[in-house]
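A.B. asks: All residue numbers for the sequence shown refer to my numbering, where the first residue is 781 and numbers rise by one. Every residue, glycine too, gets a C-beta built ideally from N, C-alpha and C. Here you go, one structure.
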Amino acid sequence: MPRKLTPADLERYKALLLHLRMELSGDISDLENDAFVTDGERAPVDSPADVGSDSFAQEFSLELLARDEATLNDVVEALDRIRAGTYGLCEECGEPIPRPRLSAVPHARNCIDCQRRLEEAS
Ligand SMILES: [Zn+2]
């Protein structure tokens, strides 16, 4: 059974989360610029093959964008939980989430067991 997080642990995860939030919000504005650039601003396209790869790149950016926004949302909620004093507890079973998992995924909501169960259920 993992020990509860110490204030020093919380500070460390908070720093990780703040860094992630900065990185993700930076990425999102970059991706938005890529995905929503107007045709007029693009270099002229010569061959039909280029048109195809171009719209593929645009779709790909939009997909990344959706995933980043979901992650960013998780990060923001994790920061809220640090403030509320519930950070590091599994939302499903209420047990502390093991530190190695929080170090890998500081915005994790669930312990690995519950996460696995949720993924199987969906
Ligand atoms: Zn759990």
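1. Can we count D854 as close to ligand 1, meaning its CB is less than 7 Å from some heavy atom?
2. When the Cβ atoms of the stretch 837 to 850 are set against those of the stretch 788 to 799, are three or more pairs found closer than 8 Å?
3. Whose CB is closer than 6 Å to a heavy atom of ligand 1? List the residues in chain order.
4. Express the C-alpha separation of L804 and P876 in angstroms, rounding to a whole number.
5. Assign L898 to one of two classes, buried (16 or more other C-beta atoms within 10 Å of its C-beta) or exposed (fewer than that).
C.D. replies: Reading from the atomic positions:
1. Taken from the Cβ of D854, every heavy atom of ligand 1 lies 7 Å or farther away.
2. These segments do not touch.
3. Sorted by chain position, residues whose beta-carbon lies closer than 6 Å to a non-hydrogen atom of ligand 1 are C870, E872, C873, E875, N890, C891, D893, C894.
4. It is roughly 26 Å from the alpha-carbon of P876 to the alpha-carbon of L804.
5. Within a 10 Å sphere around the beta-carbon of L898 sit fewer than 16 other beta-carbons, which makes this residue exposed.
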